[in-house]
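In my numbering, the protein residues as written are 176 to 334.
Just so you know, even glycine gets a beta-carbon here, dropped at the ideal spot from N, CA and C.
Accompanying notes for the structure given below.
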Amino acid sequence: MFILVHEASASAEVKIGIVDLPAAIQATKEGKKIKKELESEYNKKKADLEKRAKDISIMQTDLDKKSLVLTDEARLKKQQEIDGEKTKYMELREKNLQELSKKDRELSQPMIKKLNDVIGEIAKKEGYTVILHKSEQNLVWAAKETDITDAVIKALEKK
Numbered sequence: 176m177f178i179l180v181h182e183a184s185a186s187a188e189v190k191i192g193i194v195d196l197p198a199a200i201q202a203t204k205e206g207k208k209i210k211k212e213l214e215s216e217y218n219k220k221k222a223d224l225e226k227r228a229k230d231i232s233i234m235q236t237d238l239d240k241k242s243l244v245l246t247d248e249a250r251l252k253k254q255q256e257i258d259g260e261k262t263k264y265m266e267l268r269e270k271n272l273q274e275l276s277k278k279d280r281e282l283s284q285p286m287i288k289k290l291n292d293v294i295g296e297i298a299k300k301e302g303y304t305v306i307l308h309k310s311e312q313n314l315v316w317a318a319k320e321t322d323i324t325d326a327v328i329k330a331l332e333k334k
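So, in structure tokens, the structure goes:
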């Protein structure tokens, strides 16, 4: 029985390749364009949030300075206003994160489809049995010659 298993495995050669998907995407013109667009969107949202945080900080500092001369009612009203602004800030921050994540998916989806198509073409052409993601947690080590990332990048740039 051992001999049969050994013979069967010897006849079906397994060729494994690995690819660094983020590196492949980021090295292409299209990937760089996507990254630039996402960074631009992120920076706009970040600037708005930073302004709001600064405004809240100014409001809090102002309240702290005037707290001794304000009535309890006025101090409470001002603190509620600040708390409301903090809540709005946190809601906007969460909304921005969701919007950026959605935009990332929308922009990346066509690129990921191309990437998968290219990897499939290379796998068939070069006779790979399996292609693994290089940063996969289960991948402990792989020989450098199994890395097809450069070939994937070249093929992506041609599409």
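Between the stretch 258-278 and the stretch 295-310, the count of C-beta pairs closer than 8 Å stays below three; the two stretches do not touch. Excluding its 5 nearest sequence neighbours in each direction, Glu296 has C-beta neighbours in its own chain below 8 Å: Ala330, listed in chain order.
CA-to-CA, the gap between Thr262 and Ile231 works out to about 11 Å. In the DSSP assignment, no residue is bridged to Gly295. Assignment of Asp279 by DSSP, reduced to helix, strand and coil, places it in the helix class. For the pair Pro285 and Asp292, the Cα-to-Cα distance works out to about 11 Å. According to the DSSP assignment, Ile306 belongs to no alpha helix (DSSP H) but to the beta strand (DSSP E) extending over 305-308. For Ile193, there is no enclosing alpha helix (DSSP H); the enclosing beta strand (DSSP E) covers residues 191-194.
A residue is called buried when at least 16 other Cβ atoms come within 10 angstroms of its Cβ; Ile233 does not meet this threshold and is exposed. Per DSSP, the unbroken alpha helix (DSSP H) holding Ala228 starts and ends at 204-241. If you draw a 10 Å sphere on the C-beta of Ile323, you find 16 or more other C-beta atoms in it, and that means buried. Asp322 has Ile193 as its beta-bridge partners, per DSSP.
In the three-state reduction of the DSSP assignment, Thr246 falls in the coil class.
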